[in-house]
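There are 2 protein chains.
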Amino acid sequence: MDLFVSKYLNKIDKKGRVSLPSSFRNVLPKANRNEIILYKSIKTPSIEGCGVGRLKEIAKRINNLDFFSEDYDDFSTSIFSEIVTTKIDKEGRFLIPDELKLYASIKTEAAFLGQGYYFQIWEPKKGLKNTEDSRRRLLNEKKSLRMMLTQQK
Amino acid sequence: MDLFVSKYLNKIDKKGRVSLPSSFRNVLPKANRNEIILYKSIKTPSIEGCGVGRLKEIAKRINNLDFFSEDYDDFSTSIFSEIVTTKIDKEGRFLIPDELKLYASIKTEAAFLGQGYYFQIWEPKKGLKNTEDSRRRLLNEKKSLRMMLTQQK
DNA sequence: TGGGATTATATGGGCGTCAATGGGTATATG
DNA sequence: CATATACCCATTGACGCCCATATAATCCCA
Numbered sequence: 441m442d443l444f445v446s447k448y449l450n451k452i453d454k455k456g457r458v459s460l461p462s463s464f465r466n467v468l469p470k471a472n473r474n475e476i477i478l479y480k481s482i483k484t485p486s487i488e489g490c491g492v493g494r495l496k497e498i499a500k501r502i503n504n505l506d507f508f509s510e511d512y513d514d515f516s517t518s519i520f521s522e523i524v525t526t527k528i529d530k531e532g533r534f535l536i537p538d539e540l541k542l543y544a545s546i547k548t549e550a551a552f553l554g555q556g557y558y559f560q561i562w563e564p565k566k567g568l569k570n571t572e573d574s575r576r577r578l579l580n581e582k583k584s585l586r587m588m589l590t591q592q593k
Numbered sequence: 441m442d443l444f445v446s447k448y449l450n451k452i453d454k455k456g457r458v459s460l461p462s463s464f465r466n467v468l469p470k471a472n473r474n475e476i477i478l479y480k481s482i483k484t485p486s487i488e489g490c491g492v493g494r495l496k497e498i499a500k501r502i503n504n505l506d507f508f509s510e511d512y513d514d515f516s517t518s519i520f521s522e523i524v525t526t527k528i529d530k531e532g533r534f535l536i537p538d539e540l541k542l543y544a545s546i547k548t549e550a551a552f553l554g555q556g557y558y559f560q561i562w563e564p565k566k567g568l569k570n571t572e573d574s575r576r577r578l579l580n581e582k583k584s585l586r587m588m589l590t591q592q593k
């Protein structure tokens with residue numbers, strides 16, 4: 441499986457370390473399995489993360505913008521200065537920078553939500569509420585979750 | 441990681457020295473890890489910096505502008521004539537020339553913002569405001585930030 | 001297929017190393 | 001000679017690296 445799926449609840453220890461769920465670690469390319477990138481989610485008070493490979497993609501994309509345009513600076517600033525890289529130790533743990541923990545109201549526990557090509561880290565209660573709200577929105581808007589799930593391509 | 445990412449807040453000591461963040465030092469080519477170039481940012485009251493290798497890329501960018509346009513001369517003059525090189529000492533510190541500090545209103549602390557292929561040095565408060573403004577522009581006026589971050593290759 | 005043995009995962013803690021910072025002194029440069 | 005800068009060493013706190021343990025998952029063989 442090369443996608444981030446399922447959800448996990450892990451503890452943050454005294455040193456601020458938290459285990460990246462094992463199944464998430466396995467999604468990272470074997471080459472760069474000891475480093476991930478983290479950044480503030482744009483739409484939710486959560487942290488998003490993924491392997492460093494995506495960062496290089498983003499860099500390439502930005503590099504193709506007009507070098508002297510305002511967009512270039514805006515993207516460059518909003519993305520590169522906001523992204524942090526953190527190392528994964530031998531046991532599979534990493535540190536969440538204080539600023540990101542603050543942004544997501546995370547203190548002693550972190551909920552990991554698989555999102556396919558990336559994952560989210562939530563304060564557990566907020567994360568739960570968010571998934572419930574999401575599901576409710578889907579059902580209410582009659583997007584028919586069941587249809588999406590059962591429909592053949 | 442071979443990109444300048446994340447942000448750091450470092451102090452300027454009595455002698456005017458400031459540490460280049462360790463992760464930034466590691467981006468510099470092992471060959472020339474004791475020298476960087478600095479110049480005034482054209483669009484913001486900040487200092488931009490990078491390894492000396494990046495000079496060629498800047499030259500290429502400028503060369504791609506219309507040779508007979510006013511922009512060509514302006515960019516060429518504004519950037520090349522203003523570039524200074526500074527040495528990095530054994531502890532990873534360097535001196536910011538007074539003229540550049542003045543330009544960026546930097547006094548006792550410097551905020552380092554990763555910008556991918558280069559980095560910026562800001563007076564901390566101004567830097568914070570700039571990243572907020574940048575993000576707001578992208579979120580309000582264009583919806584493309586999310587795309588940039590999540591779009592698959 | 002049951003059940004003990006083995007392995008993996010999440011978690012805790014010790015300790016050495018490194019990064020950021022401060023300061024003293026030699027050296028250069030005008 | 002005076003000021004600035006290169007070079008050296010010291011301090012402190014954070015982080016990386018290592019080892020330990022408990023619980024959960026898996027295996028393996030009778």
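Top line first, the protein sequences correspond to chains R and C.
Quick note on numbering: the first sequence equals residues 441 to 593 in the numbering used here.
Quick note on numbering: the second sequence equals residues 441 to 593 in the numbering used here.
Ideal Cβ placement from N, Cα and C applies to all residues, glycine included.
Closer than 9 Å to the CB of C/Ser462 there is not a single CB belonging to chain R.
Distance from the CA atom of R/Pro537 to the CA atom of C/Ser521, rounded to whole angstroms, is 39 Å. With a cutoff of 9 Å on beta-carbon distance, R/Tyr557 and R/Arg494 are scored as near each other. Annotation for R/Tyr512: the continuous alpha helix (DSSP H) segment containing it runs 510-515. In the three-state scheme derived from DSSP, where H, G and I count as helix and E and B as strand, R/Tyr557 is classed as coil. Proximity of chain R to C/Val445 at the Cβ level (cut-off 8 Å) is accounted for by Ile477, Leu495, Phe520, Ser521, Ile523, Val524, Thr525, in chain order. Interface flag for C/Leu505 against chain R is set, since a Cβ pair is found closer than 9 Å. For the pair R/Ser509 and C/Asn580, the Cα-to-Cα distance works out to about 17 Å.
Residue pairing from DSSP places R/Phe444 in a beta bridge opposite R/Gly556. Ranked by Cα distance from R/Gly489, the first of R/Phe444, R/Lys569, R/Asp573 is R/Phe444. Interface annotation, C/Ile487: not in contact with chain R, CB-CB separation never under 9 Å. In the three-state DSSP reduction, R/Asn474 falls in the coil class, being neither helix nor strand. Apart from the 5 residues on each side of it in sequence, C/Ile482 sits with its Cβ closer than 8 Å to the Cβ of Phe515, Ser518, Ile519 in its chain, given in chain order. For C/Lys470 and R/Val467, the gap between their C-alpha atoms comes out near 31 Å. A check of alpha carbon separations from R/Gly491 across R/Asn504, R/Leu505, R/Thr525, R/Val458 identifies R/Thr525 as the nearest. Classified as buried, R/Ser459 has 16 or more neighbouring CB atoms from the shown chains inside 10 Å of its CB.
Residue pairing for C/Ile502: DSSP places it in no beta bridge. Just so you know, the alpha carbons of C/Gly456 and C/Ile476 end up roughly 16 Å apart. In this model, C/Ile502 and C/Tyr512 are separated by some 7 Å (Cα to Cα). Put simply, of C/Glu531, C/Arg575, C/Ile452 the residue whose alpha carbon is nearest the alpha carbon of C/Ser462 is C/Glu531. Under the 9 Å criterion on CB atoms, R/Val467 is classed as non-interfacial with respect to chain C.
Under the 10 Å beta carbon count, C/Ser446 is surrounded by 16 or more other beta carbons and is classified as buried. Around R/Pro485, the same chain offers Ala544 as residues with beta carbons nearer than 6 Å, after the five sequence neighbours per side are excluded.
Interface flag for C/Ser509 against chain R is unset, since no Cβ pair is found closer than 9 Å.
DSSP, reduced to helix, strand and coil, places R/Ile452 within a strand of the structure shown. For the pair C/Asn474 and C/Leu535, the Cα-to-Cα distance works out to about 12 Å. A direct Cα-to-Cα measurement between C/Asn504 and C/Lys565 gives close to 34 Å. Across the region 569-583 of chain C, CB contacts with chain R closer than 8 Å involve Asn570, Thr571, Ser574, Arg575, Arg577, Leu578, Leu579, Lys582, in sequence order along the chain.
Beta-bridge analysis with DSSP links R/Ser459 to R/Arg533.
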